[in-house]
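Residue numbering for the sequence shown follows UniProt numbering, beginning at 9 and increasing consecutively.
We treat Cβ as the ideally placed atom computed from N, Cα and C, and that holds for glycine.
Quick caveat: nothing in here was measured; it's all calculated off a predicted structure.
Have a look at the structure below before the remarks.
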Amino acid sequence: RRVLVLNGPNLGRLGRRQPEIYGTTTHDELAERCVAWGAELGLDVEVRQTNHEGVLLDWLNDAADEAVPVVLNAAAWTHYSYAVFDACAQLTAPLVEVHLSDPTQRPEVFRHTSVVTPHAVAVVAGKGVDGYRDALEVVAARLG
Ligand code: DQA
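Here it is, written out as structure tokens:
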């Protein structure tokens with residue numbers, strides 16, 4: 009079964025971006041691991057990253073049309089994009105929210121709200137790259 013892992017803005021610089029917060033694994037490595045973890049779980053995982061909000065909205069709209077499960081790290085859009093909120097609301101297959109850090113434990117108050125959480129079957133945060141594996145496990149369990 010096909011599953012999309014969608015990563016939002018600035019996550020393309022993973023490994024080089026504030027490694028003390030986000031770790032040293034690159035986005036390419038993250039993508040490779042997600043595909044391998046997915047295969048172990050019987051999931052056909054495709055990983056994408058964009059810095060452009062409209063592109064993410066198009067991907068989420070397609071996922072809604074095709075009832076594809078989504079693991080979503082909307083990065084900063086998580087905290088303020090009502091367009092992402094509305095796009096997530098349309099999904100019918102399981103949506104799992106993932107973050108490398110735990111935004112709720114970080115000092116910036118803007119990180120403490122999520123527009124994704126109301127639509128997610130689970131939130132995995134603060135586990136770094138391994139959190140994506142947990143998120144894929146949640147998807148696999150939901151799909152039975
Ligand atoms: C993030 C947390 C967000 O607050 C931040 O804007 C990001 C990454 C994470 O994975 O920890 O870009 O989603």
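Problem - Complete runs of the alpha helix (DSSP H) confined to the region 75-150 [at least 4 residues] - result: Correct list: 90-97.
Exercise for the section: With the ligand DQA as the reference, list in chain order each residue whose Cβ lies under 6 Å from any of its heavy atoms. Expected result: This selection yields Asn18, Asn81, Ala83, Ala84, Thr86, His107, Leu108, Ser109, Pro111, Arg119.
Exercise for the section: Could you pull the start and end residues of the beta strand (DSSP E) that Leu14 belongs to? Expected result: Per DSSP, Leu14 belongs to the beta strand (DSSP E) from 10-15.
Exercise for the section: May I have the straight-line CA-CA distance separating Val13 from Glu116, to the nearest angstrom? Expected result: In this structure, the alpha-carbon of Val13 lies about 26 Å from that of Glu116.
Handout entry: C-alpha distance - Asp52 paired with Ala44, whole-angstrom precision
Key = Looking at the two C-alpha atoms, the distance is approximately 9 Å.
Handout entry: His107 burial status per 10 Å Cβ neighbour count (16 or more: buried)
Key = With 16 or more other CB atoms across the displayed protein chains lying within 10 angstroms of its CB, His107 is buried.
Handout entry: Test item: CB-CB of Val71 and Leu99 under 8 Å
Key = Residue identity check: residue 71 is Ala in the sequence provided, not Val. Result yes, Cβ atoms of Ala71 and Leu99 sit closer than 8 Å.
Practice task
Quick one: using the 10 Å Cβ neighbour count with 16 as the cut-off for buried, is residue 157 buried or exposed?
Solution key: Look at the range of the chain in this structure, 9 to 152, and you will see that residue 157 is not part of it.
Handout entry: Contact between the region 132-140 and the region 31-49 (3+ Cβ pairs under 8 Å)
Key = Contact between the region 132-140 and the region 31-49 is present: 3 or more CB-CB pairs across the two stretches fall below 8 Å.
Exercise for the section: Output the distance between the C-alpha atoms of Gly23 and Thr33, rounded to the nearest integer angstrom. Expected result: As the crow flies, the alpha-carbon of Gly23 is around 5 Å from that of Thr33.
Practice task
Assign Thr86 to one of two classes, buried (16 or more other C-beta atoms within 10 Å of its C-beta) or exposed (fewer than that).
Solution key: Thr86 comes out buried.
Practice task
Could you have a look at Arg25 and say whether DSSP puts it in helix, strand or coil?
Solution key: Coil, per DSSP.
Practice task
Please state if the CB of Val79 and the CB of Val63 are separated by a distance shorter than 8 Å.
Solution key: It is not a contact, given that the beta carbons lie outside the stated cut-off.
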